[in-house]
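What follows is a single structure, written as structure tokens, with notes after it.
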Amino acid sequence: AWNTPIAFSLRECLLPFWPQLPCYFLQRVFPSCISAGLPKTEANWQDVISDLKRIEDLIQSIHVDATLYTESDAHPNCKVTAMKCFLLELHVILHESRNEDIKETVENLIILANSSLSSNGNVTESGCKECEELEEKNIKEFLQSFVHIVQMFINLP
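Here our numbering is used: the first residue of the sequence shown is 201, the next is one more, and so on.
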């Protein structure tokens, strides 16, 4: 009858997805579990730097002619503002890139950086440049400056 309980195991339910499940678990779930147990956001900032290095490696093989607003000489009192500008410019890369590896890495980077930045709350910094006031630079210079800003967050006083 229609109200008879259906008995099935979790494995039967997941059987069609079973071959991909270990890979998905290792790529998506496991890193989330690890990062959830980390004591400070420094580990997340290290992951941001790793993603930036990965993007730098990926762009070596393709031509990216985008120019991006880049803070190359941020004052420590303006690091949150500078980081927000870098994150906005990452969306430009995400939108313009046709390379799936770059897109995936940029998406991950945005999540990690926003998560790490959230510990700074609603910090208001005065006297900082607006994103549109920054100099436009190529992607390689953008990534190098981005790493420098991230290091400012890691090396907090």
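C-beta atoms are modelled at their ideal positions from N, C-alpha and C, and glycine is treated no differently.
Please read all numbers here as calculations on a predicted model, not as lab measurements.
Here DSSP, grouped into helix, strand and coil, assigns Lys340 to helix.
In the structure shown, Thr305 adopts helical secondary structure according to DSSP, grouped into three states. Rounded to the nearest angstrom, the Cβ distance from Lys337 to Thr267 is 6 Å, consistent with a contact under 8 Å. Buried is the label assigned to Lys279, since at least 16 other Cβ atoms lie within 10 Å of its Cβ. Minimum Cα-Cα distance from Glu256 among the listed residues Lys329, Asn314, Phe346 corresponds to Phe346. Cβ neighbours of Ile293 within its own chain (closer than 6 Å, five residues either side excluded): Val306. Taking Phe353 as the centre and dropping the five residues before and after it, the same chain places the C-beta of Trp245 closer than 6 Å to its C-beta, in chain order. Of Thr324, His348, Leu317, Leu309, the smallest CA-CA separation from Asp251 is found for Leu309.
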